[in-house]
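**Q** Take this structure first; my questions come after.
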Amino acid sequence: MIPRQYVLVGLLGLPLGCATTPGDVRLRSDGTPMAEKCPEKALEVMRYLRLYVGESAWVQLDANQSRAEHITLHDGPIESVLDQDVGTLESPLRLYGRVWTGGAQPVIRYYEAQFLKGKDRVPICAVARLGFGQLRKRPESMPGTAILNAPRAGMYIVDEFR
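Each residue of the sequence shown is one higher than the one before, counting from 1320 in this note's numbering.
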């Protein structure tokens, strides 16, 4: 039997190694990103994978700082690790996206997922968040960074970024 990630790539005609991360997100005056639509290809993939808006799972925010007490995120690309299954995505799984640290808490958007047993990335739309201000930056965070008390957050499937 062919693994589902290869069937998915074949069904959707995704080019191998295709980056789906939008590069020109407009920023607000505080450095946080403005609203952004989820690409049609990502919406199509999420329907196929049975990833529905609002579904969530725990993620290790930074694959390089897993299980640390405090982590430091930097503006730019991020690689996270899915800790729980969501939809048809089985943990562990890599999530790729971008971090903006300009506001009181970082904004983390995920644009791609990668199965650990496959090389291909598939487009998705998801965000990382925690309630009760738990994702707020520590006061000693320097510009361009966010020092966080929590190495984990919830990853939520979205159909657009707000």
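For each residue, glycine too, the CB sits at the ideal point set by N, CA and C.
Taking C-alpha atoms, which residue in L1370, D1439, S1399 lies nearest to I1427?
**A** Comparing Cα-Cα distances from I1427 to each of L1370, D1439, S1399, the minimum goes to S1399.
**Q** Quick one: residues in its chain with C-beta nearer than 7 Å to the C-beta of H1389, no 5 flanking neighbours on either side, listed in chain order?
**A** Excluding sequence neighbours, H1389 sits near I1466, L1467, N1468.
**Q** If Y1430 and G1416 are in contact, beta carbons under 8 Å, what's the gap, nearest whole angstrom?
**A** Their Cβ separation, rounded to whole angstroms, is 5 Å, which keeps Y1430 and G1416 in contact under 8 Å.
**Q** Compare the C-alpha of G1463 against each of T1351, V1344, R1345 and name the closest.
**A** Of the listed residues, the one whose Cα sits closest to G1463 is T1351.
**Q** Find the nearest neighbour of D1404 within the set S1348, L1346, L1414, V1418, judged by alpha-carbon distance.
**A** Minimum Cα distance to D1404 is reached at L1414.
**Q** Just the Cα atoms here: how many angstroms apart are A1354 and A1387?
**A** Roughly 31 Å between the two C-alpha positions.
**Q** For the 8 Å Cβ check, are there 3 or more pairs between the segment 1359 to 1372 and the segment 1451 to 1461?
**A** The segment 1359 to 1372 is not in contact with the segment 1451 to 1461.
**Q** Tell me, which residues are paired with Y1317 by DSSP?
**A** Residue 1317 lies beyond the stretch modelled for the chain, which goes from 1320 to 1481, so this question has no answer here.
**Q** Quick check on Q1384: does DSSP put it in helix, strand or coil?
**A** Note: Q1384 maps to helix in three-state DSSP.
**Q** Taking the C-alpha atoms as reference points, what is the distance between V1364 and A1445?
**A** V1364 and A1445: Cα-Cα distance of roughly 13 Å.
**Q** Output the boundary residues of the alpha helix (DSSP H) element that contains E1363.
**A** Taken as a continuous stretch (DSSP letters only), the alpha helix (DSSP H) holding E1363 covers 1359 to 1367.
**Q** Using 10 angstroms around the beta-carbon of L1346, count the other beta-carbons present and answer buried if the total reaches 16, otherwise exposed.
**A** Burial call: exposed.
**Q** Could you round the C-beta distance between D1402 and Q1379 to whole angstroms and report it? I think they count as a contact, below 8 Å.
**A** With 8 Å as the limit, D1402 and Q1379 qualify as a contact, their Cβ atoms being about 6 Å apart.
**Q** Please give the ranges of any beta strand (DSSP E) in the segment 1388 to 1432, keeping only runs that are unbroken, at least 3 residues long and fully inside the region.
**A** For the segment 1388 to 1432, whole beta strand (DSSP E) runs of length 3 or above, ordered along the chain, are 1390 to 1393, 1395 to 1401, 1412 to 1419.
**Q** In angstroms, rounded to a whole number, what distance separates the CA positions of E1479 and K1356?
**A** Each residue's alpha carbon lies about 5 Å from the other.
**Q** For A1472, I'd like the list of residues in its chain whose CB is within less than 7 Å of its CB, leaving aside the five on either flank, ordered along the chain.
**A** Result list for A1472: V1378, L1380, A1447, R1448, L1449, L1454, in chain order.
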